[in-house]
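Accompanying notes for the structure given below.
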Amino acid sequence: KNQVEQSPQSLIILEGKNCTLQCNYTVSPFSNLRWYKQDTGRGPVSLTIMTFSENTKSNGRYTATLDADTKQSSLHITASQLSDSASYICVVSAWTGGGNKLTFGTGTQLKVEL
Amino acid sequence: KAGVTQTPRYLIKTRGQQVTLSCSPISGHRSVSWYQQTPGQGLQFLFEYFSETQRNKGNFPGRFSGRQFSNSRSEMNVSTLELGDSALYLCASSFSAGTGEAFFGQGTRLTVV
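Protein sequence lines correspond, in order, to chains P and Y.
For the first sequence, my numbering gives the first residue as -5, with consecutive numbering after it.
For the second sequence, my numbering gives the first residue as 8, with consecutive numbering after it.
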C-alpha cells in the first residue's frame, strides 16, 4: 500500500530560526515528490517538485532534498518568518501509465512565533 | 493569468441530497484533479481527468463521480450525501497528466447536516 509519513506532526519555532521537516514514503513506481505549503483556509501552493534523478531543489528560503534509495525527503526552511506558519504537505506521485496517482502525507503544522 | 476557480466556496447540504461542485482550470491546462481534505484524513485523491477522460481514480465509493468538458472545466458530483462527506474539496489543474506542477484552487467547503 502506498503511504507517505511526515514528521513531526507539529512544530513551533522562533522567528529567524531554521527548521527541517521530514517525509518518508513507500510509493511505487515513483514518479516525483512534491512539497506544498497550505495556509489555513486556502488551497496548497507548490514549493518544489523533484524527480528520481534530483536530490536537492531550492525555492528561496525553502530547500528540499530527496534520497530515492532510502525513500526519504526533507524540507529545510531557513531564517523562518511569521508568514511561514502553515501546514507543509509532502506528496508522492506514482506513475500508473495513464496518469499520476498522488499519495499525500498528513502534513506538518508549523507555527513561527516572535 | 487567472488561477484555478472553484465554485461555490461554501455549501451546506442535508443528508441524502446530492451536490455538484465546479472547477475552472488555468487557461491552457488540460488536466484537472479532485481531492477531499478532512482534519482526520488529510488530503485524499478522488480522481483525475485529462482531455475529458478519467485517467486515475482514488479509493472512494461510487457516490463520488466527476466529468470534464471540452473546455477543460470539470464538475464533481456527490450523491446521497452522508455526514462524513463534510470536507474541503480541492481541485488542481496542470498542463499535462504527467509530472507537471499542479495548481490548486481555494476549495469548496461542504458541510452536510
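Backbone N, C-alpha and C fix where the C-beta goes; we use that ideal spot for every residue, glycine too.
I'd like the span of the beta strand (DSSP E) that includes residue i, first residue to last.
i	result
residue 97/P	94 to 98
residue 83/P	80 to 89
residue 10/P	Counting along the chain, residue 10/P falls outside any beta strand (DSSP E), and DSSP gives it neither H nor E.
residue 55/Y	49 to 57
residue 46/P	Unbroken run through residue 46/P: none, as it is neither H nor E.
residue 63/Y	60 to 64
Does residue i get closer than 8 Å to chain Y when you measure Cβ to Cβ?
i	result
residue 38/P	yes
residue 105/P	no
residue 90/P	yes
residue 95/P	yes
residue 98/P	yes
residue 6/P	no
residue 101/P	yes
In this structure, what does DSSP give as the bridge partners for residue i?
i	result
residue 51/P	58/P
residue 77/Y	Answer is none; residue 77/Y lacks a bridge partner.
residue 1/P	16/P
residue 20/Y	119/Y
residue 26/P	45/P, 87/P
When the cut-off is 8 Å and only beta carbons count, does residue i lie next to chain P?
i	result
residue 67/Y	no
residue 102/Y	no
Under a CB-based cut-off of 8 Å, is residue i close to chain B?
i	result
residue 82/Y	Of the protein chains in the structure, P and Y, none is chain B.
According to DSSP, is residue i part of a helix, a strand, or is it coil?
i	result
residue 108/P	coil
residue 40/Y	strand
residue 95/Y	strand
residue 74/P	coil
residue 88/Y	coil
residue 26/Y	strand
| message | Three or more C-beta pairs under 8 Å: does that hold for the stretch 4 to 11 of chain P against the stretch 70 to 80 of chain P? | response | The way I'd put it, the stretch 4 to 11 of chain P does touch the stretch 70 to 80 of chain P; three or more beta-carbon pairs between them come closer than 8 Å.
| task | State whether the stretch 86 to 105 of chain P contacts the stretch 12 to 22 of chain P, with contact taken as three or more CB pairs (one from each stretch) at a distance under 8 Å. | result | Inter-segment contact for the stretch 86 to 105 of chain P and the stretch 12 to 22 of chain P is present: three or more beta-carbon pairs are separated by less than 8 Å.
| message | Taking 8 Å as the cut-off, does the stretch 67 to 74 of chain Y touch the stretch 13 to 22 of chain Y (at least 3 CB pairs, one atom from each stretch)? | response | Contact fails: fewer than three Cβ-Cβ distances are below 8 Å.
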